[in-house]
Amino acid sequence: MIPPSFKQDLLARADIVQIVGRYVQLKKAGINFKGLCPFHNEKTPSFIVSPTRQTYHCFGCGAHGNAIDFLMEHGGLGYVDAVRELAQEFGLQVPEEHGTPEQRAQAAQERERRATLTDVLDRAAEHYRKQLKASPRAVQYLKGRGLTGGIAARFGLGYAPPGWRTLASVFPQYDDPLLTESGLVIAQGEGEEARHYDRFRDRIMFPIRNVRGEVIGFGGRVIDEGEPKYLNSPETPVFVKGRELYGLYEARAALRERGYALVVEGYMDVVALAQLGFPNAVATLGTACTAEHVQKLFRFTDQVVFSFDGDAAGRRAAARALEAALPHVTDTRSARFLFLPPEHDPDSYIRAFGPEAFERCVAEAVPLSRQLVETAREGCELGSAEGRARFLAQARPLWQALPDGLLRRQILAELAQHAAMPVDELHQAWIGDGGHAAPSHRPAGREAGGPGSRPGRRPPASRRLLSGTPTLLDRALWLLVCRCELWNELSPAAHDLLAEQVAPYGPAFAWIERHLNDQGPVSATTLLEEMAREDFGNGSEALVQRLRELHEPEDGVDLSRELAIVVDRLLLRALEDERAMLFESGALDPETLQRARELLDQCKALKDRIESLVAARDR
Numbered sequence: 001m002i003p004p005s006f007k008q009d010l011l012a013r014a015d016i017v018q019i020v021g022r023y024v025q026l027k028k029a030g031i032n033f034k035g036l037c038p039f040h041n042e043k044t045p046s047f048i049v050s051p052t053r054q055t056y057h058c059f060g061c062g063a064h065g066n067a068i069d070f071l072m073e074h075g076g077l078g079y080v081d082a083v084r085e086l087a088q089e090f091g092l093q094v095p096e097e098h099g100t101p102e103q104r105a106q107a108a109q110e111r112e113r114r115a116t117l118t119d120v121l122d123r124a125a126e127h128y129r130k131q132l133k134a135s136p137r138a139v140q141y142l143k144g145r146g147l148t149g150g151i152a153a154r155f156g157l158g159y160a161p162p163g164w165r166t167l168a169s170v171f172p173q174y175d176d177p178l179l180t181e182s183g184l185v186i187a188q189g190e191g192e193e194a195r196h197y198d199r200f201r202d203r204i205m206f207p208i209r210n211v212r213g214e215v216i217g218f219g220g221r222v223i224d225e226g227e228p229k230y231l232n233s234p235e236t237p238v239f240v241k242g243r244e245l246y247g248l249y250e251a252r253a254a255l256r257e258r259g260y261a262l263v264v265e266g267y268m269d270v271v272a273l274a275q276l277g278f279p280n281a282v283a284t285l286g287t288a289c290t291a292e293h294v295q296k297l298f299r300f301t302d303q304v305v306f307s308f309d310g311d312a313a314g315r316r317a318a319a320r321a322l323e324a325a326l327p328h329v330t331d332t333r334s335a336r337f338l339f340l341p342p343e344h345d346p347d348s349y350i351r352a353f354g355p356e357a358f359e360r361c362v363a364e365a366v367p368l369s370r371q372l373v374e375t376a377r378e379g380c381e382l383g384s385a386e387g388r389a390r391f392l393a394q395a396r397p398l399w400q401a402l403p404d405g406l407l408r409r410q411i412l413a414e415l416a417q418h419a420a421m422p423v424d425e426l427h428q429a430w431i432g433d434g435g436h437a438a439p440s441h442r443p444a445g446r447e448a449g450g451p452g453s454r455p456g457r458r459p460p461a462s463r464r465l466l467s468g469t470p471t472l473l474d475r476a477l478w479l480l481v482c483r484c485e486l487w488n489e490l491s492p493a494a495h496d497l498l499a500e501q502v503a504p505y506g507p508a509f510a511w512i513e514r515h516l517n518d519q520g521p522v523s524a525t526t527l528l529e530e531m532a533r534e535d536f537g538n539g540s541e542a543l544v545q546r547l548r549e550l551h552e553p554e555d556g557v558d559l560s561r562e563l564a565i566v567v568d569r570l571l572l573r574a575l576e577d578e579r580a581m582l583f584e585s586g587a588l589d590p591e592t593l594q595r596a597r598e599l600l601d602q603c604k605a606l607k608d609r610i611e612s613l614v615a616a617r618d619r
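In terms of the UniProt record's numbering, the sequence shown opens at residue 1 and continues consecutively.
What follows is the structure in structure tokens.
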């Protein structure tokens, strides 16, 4: 954890006008500076930078913060990385407040190791770039694909010669374990008998950069015939495929200028699209689109367009992208799906029909709401009651993954219309009765009809799917998967709230409690493997997959405090929900008013506790 005093000292040294001015053209406007907001499209400047307060504020989209916040939002950096980047400008070493000396030493060693790996990869990238210039055959291949020298330089394209040990000319200590760990060299055998050789040979090389511009891996494409056509770096401490997007570093400015991100399938698609006037394209790295991919893109733009082939494989990829996008779309953040004819990819389509035609395709891309309906309709005959029931069963986990808002409510209405069912009935079936709750873990005296119960009242809010909680529930479950022993730190009220959620969440939380009591704490990997074999009801498989795709917690993060924040927010919404129901019932008798006052006091206490926890975390 970074000491608050260091953060304040750092912000006092920083000049926010200078920092923002690197990315935004600012003009003096009285005592402030003004420019076009980098976080949304606008023609009239509404983005104000105040040198007096050392803050920025956009009156158009509401973006606001200090120098660290700007580096996080504009550069897509995490908090710690943003602080470190700012500290480097002043030659300061970022101190760490928490952890034992051994833990701090280990963290420092890990940072040094990562920096060394990116340095090794950067040296290899420079070598490949030089080899490209020296290879007429590789240059001719790129020209044949319609690429210019300028676009090749922008993406740092290179060439790996056909030799088995060409990197030995760059790294004299060719058996250095760092070359193997970085994925550049393959080692067969062990010890002195090990045989080392280059992973990439006779391939066009696409360096993969993180959002800070550091080379973290490579993709290599064969020039002639050969398998595999594309060869990627293996996952390393600095490169995780489910977190990174090819071309994101190069596309950062274009994402804001064009107003959307175009997600395509491969390296060559990204480079070719940039050549043809679409520099806002990025690609996943040989893996399905993950929730972390979507979350990262939404740091740079409010619209994401997924481009897929129109064949069966493209439809399957679209279904996975839909699941990844659902928890992150809101009333202001949207995702759409573009399906091209099977014989075309974006590159070939633009060359055949022109950029204007492709732009029209983007404009007409299928909105997420319609894609959700189409995905749920697969294999369903809506002309029969059975088909409509199956349609709703398939739609429910998708709809529940949406955060609360007007979009979620409108999609519910669309689903009800397709199922020939009144929307209020569907709302009651999915939310009003709470579905099938997991077995209760209530303390004695809290059962229905027991002491303290109120005859005729609707079920308490904790028995229903809470408004706007899918993402919070995923987060709570993931934190417990990472450290299942944290369950014992939660209050009985929190246990009730989590274990009584609708499937698959409630059964999953109850299972973690049983597993912890039976077998004690286990690793996240072990727990996920065992969860994958369990059936928690509708959406169980998708839930486990989402958990697999969530990023590992950063070093130094207090998971106990993070879980407390998430659970307190869930508890707060439950209490607010119950209080709202009291007034909706219209029965304002003394007992009801007393309960409403109790709930209000509890809500205020929870809000204060959440604010305190968040403030402690952010210091």
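All C-beta atoms, glycine included, are put in the ideal place defined by N, C-alpha and C. Predicted, not measured: the structure shown is a model, and the values here were computed from it.
In the assembly as shown, residue 612 is an exposed residue. Its beta-carbon has fewer than 16 other beta-carbons within 10 Å. Residue 265 has its alpha-carbon roughly 13 Å from the corresponding atom of residue 310.
Between residue 321 and residue 306, the C-beta gap is smaller than 7 Å, which places the two residues in contact.
According to the DSSP secondary-structure assignment, residue 307 is paired through a beta bridge with 338.
Note on residue 146: under 16 other CB atoms within 10 angstroms of its CB, so exposed under the neighbour-count rule. The three-state reading of DSSP puts residue 387 in helix, counting H, G and I together. DSSP links residue 58 through a beta bridge to 47.
Leaving aside the five residues that flank residue 550 on each side, the residues in its chain whose CB is nearer than 6 Å to its CB run, in chain order, 478. Residue 509 is not a Cβ neighbour of residue 493, given a cutoff of 7 Å. Under the three-state reduction of DSSP, residue 231 is assigned to strand. Residue 59 counts as exposed, since fewer than 16 other C-beta atoms from the protein chains shown sit within 10 angstroms of its C-beta. The DSSP assignment places complete beta strand (DSSP E) segments of no fewer than 3 residues inside the region 151-213 at 158-160, 185-188, 195-198 and 203-209, in order along the chain. Along the length of the region 352-421, whole beta strand (DSSP E) runs at least 3 residues long do not occur. Between residue 159 and residue 131, the CB-CB gap stays under 7 Å. DSSP lists 281 and 305 as the beta-bridge partner residues of residue 262.
Per DSSP, the unbroken beta strand (DSSP E) holding residue 33 starts and ends at 32-35. Judged by their CB atoms, residue 507 and residue 485 are not nearer to each other than the 7 Å cut-off.
In terms of CA proximity to residue 379, 391 leads the group 391, 544, 177 and 353.
Ranked by Cα distance from residue 304, the options 319, 281 and 123 are led by 281. A contact between stretches requires three or more CB pairs, one per stretch, nearer than 8 Å, and the region 56-70 fails this requirement with the region 281-294. Residue 222: member of the beta strand (DSSP E) spanning 215-222, first to last residue. By the neighbour-count definition (other C-beta atoms within 10 Å, threshold 16), residue 241 is a buried residue. In this structure residue 7 is buried. Its beta-carbon is surrounded by 16 or more other beta-carbon atoms within 10 angstroms.
Under the three-pair Cβ rule at 8 Å, the region 211-218 does not count as touching the region 187-194. Within the model, the alpha-carbon separation for residue 548 versus residue 341 is close to 32 Å. When the five nearest sequence neighbours on each side are left out, the beta carbons in the same chain lying within less than 7 Å of the beta carbon of residue 473 are those of 501 and 505, in order along the chain.
For residue 321, the enclosing alpha helix (DSSP H) begins and ends at 312-325. A straight line joining the alpha-carbon of residue 231 with that of residue 113 spans about 25 Å.
Going by beta carbons, residue 274 and residue 151 fall inside the 7 Å limit.
A direct Cα-Cα distance of roughly 9 Å separates residue 33 from residue 56. Per DSSP, reduced to three states, the secondary structure at residue 28 is strand. Note on geometry: alpha-carbon atoms of residue 318 and residue 372 lie some 10 Å from one another.
Just measuring C-alpha positions, the residue of 553, 557, 543 and 476 sitting nearest residue 569 is 476.
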